[in-house]
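To keep things clear, I will list the structure first and then write my remarks on it.
Residue numbers (this note's numbering): 2 to 293.
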């Protein structure tokens with residue numbers, strides 16, 4: 002009977018866990034709906050803004066704005082975006098693996114690497130490995146605000162203008178579908194992707210623009226704002242991908258609970274049947290003993 006009670010307790014515990022995973026899936030679905038709407042609204046704006054400024058940057062003088070300045074790479078900044086919480090499958094593990102590969106590749110090429118992180122998972126990952134993190138932000142995952150993106154962008158722009166860093170790459174999970182995320186690496190600064198040896202060819206292909214009111218006024222307004230927008234987009238993409246991954250993970254956990262309850266119920270029925278059979282055998286044995 003003790004074995005039967007143990008199995009019953011396990012079934013009860015698994016069912017309680019199943020209720021939790023179902024509730025977490027519903028919460029993740031509600032959060033995903035909100036952040037997905039914001040992300041899809043921002044996507045075309047951010048993409049077009051980047052394309053237009055990229056085209057303008059190719060035709061502009063490198064000295065037109067400090068964020069356009071091209072200089073030999075010495076220190077490369079890697080901004081890694083993860084979540085603050087777990088229970089979202091391989092969401093964080095995949096992005097951290099890609100970030101580590103990117104960091105190792107830059108170190109192998111002889112560059113100094115500066116690391117900044119968004120999310121507790123990235124911060125703790127590098128902290129456990131005694132890797133120095135230049136700056137970190139937490140509490141953004143699940144509550145993405147434009148002010149948070151501006152804060153991160155302001156730090157990066159200041160470091161780039163002060164020549165503390167010479168290039169910035171953002172590594173994050175982009176939302177692809179409910180069951181898939183794309184690991185994305187975006188070169189944020191300098192704006193122009195043209196390498197030093199290709200500069201003349203790019204200028205020859207660039208269109209001739211008329212700037213109103215002036216080149217300086219346009220770049221002073223739009224280039225810093227573009228950095229804000231691109232980081233904001235990365236945060237929203239990562240947040241949407243996180244909630245989608247959590248939904249998928251909780252659904253898989255719920256299904257696993259179903260399977261476990263079925264197996265434990267079968268085990269319980271077999272144990273109960275064995276106990277009943279043993280009791281019947283005792284009764285039959287007792288009757289036969291009385292007959293004798």
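By construction, the Cβ of each residue, glycine as well, lies at the ideal position given by its N, Cα and C atoms.
Taking the DSSP output, what are the residues bridged to residue i?
i: residue 126; result: DSSP lists no partner for residue 126.
i: residue 95; result: Its beta-bridge partners do not exist; DSSP assigns none.
i: residue 220; result: Answer is none; residue 220 lacks a bridge partner.
i: residue 174; result: 184
i: residue 115; result: 78
i: residue 168; result: 77
What would DSSP say about residue i, mapped onto helix, strand or coil?
i: residue 185; result: strand
i: residue 136; result: strand
i: residue 266; result: helix
i: residue 161; result: helix
i: residue 199; result: Model confidence at residue 199 stands at a pLDDT of 45, short of 50, so the residue's coordinates are unreliable and nothing is read from them.
i: residue 12; result: helix
i: residue 145; result: coil
i: residue 277; result: helix
i: residue 213; result: coil
i: residue 5; result: helix
i: residue 320; result: Beyond the ends of the chain as shown, which are 2 and 293, falls residue 320; an answer cannot be given.
Smallest Cα separation from residue i: which of the options?
i: residue 138; options: 177, 18, 157 and 130; result: 157
i: residue 68; options: 136, 182, 126 and 162; result: 162
i: residue 254; options: 44, 9, 8 and 17; result: 17
i: residue 71; options: 288, 168 and 280; result: 168
i: residue 52; options: 239, 227 and 241; result: 227
i: residue 114; options: 170, 23 and 29; result: 170
i: residue 85; options: 244, 277 and 267; result: 244
i: residue 230; options: 89, 246, 187 and 270; result: 187
i: residue 159; options: 175, 29, 78 and 212; result: 78
i: residue 143; options: 44, 272 and 240; result: 240
i: residue 56; options: 249, 220 and 284; result: 220
Applying the criterion that 16 or more other CB atoms from any shown protein chain within 10 Å of the CB defines a buried residue, is residue i buried or exposed?
i: residue 121; result: buried
i: residue 46; result: exposed
i: residue 26; result: buried
i: residue 282; result: exposed
i: residue 191; result: buried
i: residue 215; result: exposed
i: residue 10; result: exposed
i: residue 295; result: It is not possible to answer for residue 295, since the shown part of the chain is limited to 2 through 293.
What are the start and end residues of each continuous beta strand (DSSP E) run of 3 or more residues lying completely inside the stretch 14-88, in chain order? 76-82
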